[in-house]
Amino acid sequence: MELKDFVKETLSQIAEGIEAAQESVRECGGFVNPAHRVDPKGSNDSHFGVLNNGQNIFLVDFDVSVTVVEDKGNEASAKLQVASLLKIGSGVETSSSNKATNKISFKVPIGLPIDGVSAEQLKQQDQRIREKRKKQADTLQNRSRIRGGIREW
1 MELKDFVKET LSQIAEGIEA AQESVRECGG FVNPAHRVDP KGSNDSHFGV
51 LNNGQNIFLV DFDVSVTVVE DKGNEASAKL QVASLLKIGS GVETSSSNKA
101 TNKISFKVPI GLPIDGVSAE QLKQQDQRIR EKRKKQADTL QNRSRIRGGI
151 REW
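Those letters in the sequence shown? Residues 1 to 153, by my numbering.
So, in structure tokens, the structure goes:
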């Protein structure tokens with residue numbers, strides 16, 4: 001399997017698995033990847049950031065052994081493939097190739113699907129906070145008008 005296909009399938013299956021689990025976990029009273037805001041002081045190495053909608057960004061760590069295969073057949077090419085320990089099959093390889101195995105590590109940030117119910121709860125909480133702040137600002141503005149002797153009716 002080529003590295004690009006491995007990364008694509010890994011990230012897709014993680015997201016699909018989370019999305020598939022959300023409803024059944026919610027039926028048990030829990031949330032899978034709830035929408036929330038994380039305190040940067042309390043975050044760990046896998047947490048990368050958070051979007052405005054409460055969608056957290058996590059780092060998926062890849063630590064992969066890859067094989068660079070240089071094919072010296074009719075069309076010279078080099079491909080990066082995930083190294084496998086077992087290859088099953090028969091056949092005759094007619095082209096010559098050079099192989100080198102290396103280990104690579106990298107991180108990919110991913111915003112995983114958030115739970116819809118918790119996302120709606122977060123929106124409502126944000127709206128209550130905005131309303132409270134507006135009310136406080138209006139109160140402070142009215143107090144400053146009274147103290148300044150400019151009471152408007």
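Using N, Cα and C, we set each Cβ at its ideal position, and we do this for glycine too.
What you are looking at is a predicted structure, and each value in this text was computed from that prediction instead of being measured.
| Asked | Found |
| --- | --- |
| Buried or exposed (CB count within 10 angstroms, at least 16 for buried), Asp63 | exposed |
| Cβ neighbour criterion (16 or more within 10 Å) applied to Phe58 | buried |
| Integer Cβ distance of Leu51 from Gly116, believed to fall under 8 Å | Contact flag wrong, Cβ pair sits at about 15 Å. |
| Close-in-space but distant-in-sequence residues of the same chain around Gln22 (CB under 6 Å, 5 per side omitted) | Val32, Asp115 |
| Length of the line joining the Cα atoms of Phe6 and Ser12 | 10 Å |
| For Ser65, the nearest candidate out of Gln136, Arg143, Met1 (CA to CA) | Met1 |
| Reference Lys174; option with closest CA among Pro34, Gly30, Phe48, Arg26 | Limits of the chain in this structure are 1 at one end and 153 at the other, which puts residue 174 out of reach. |
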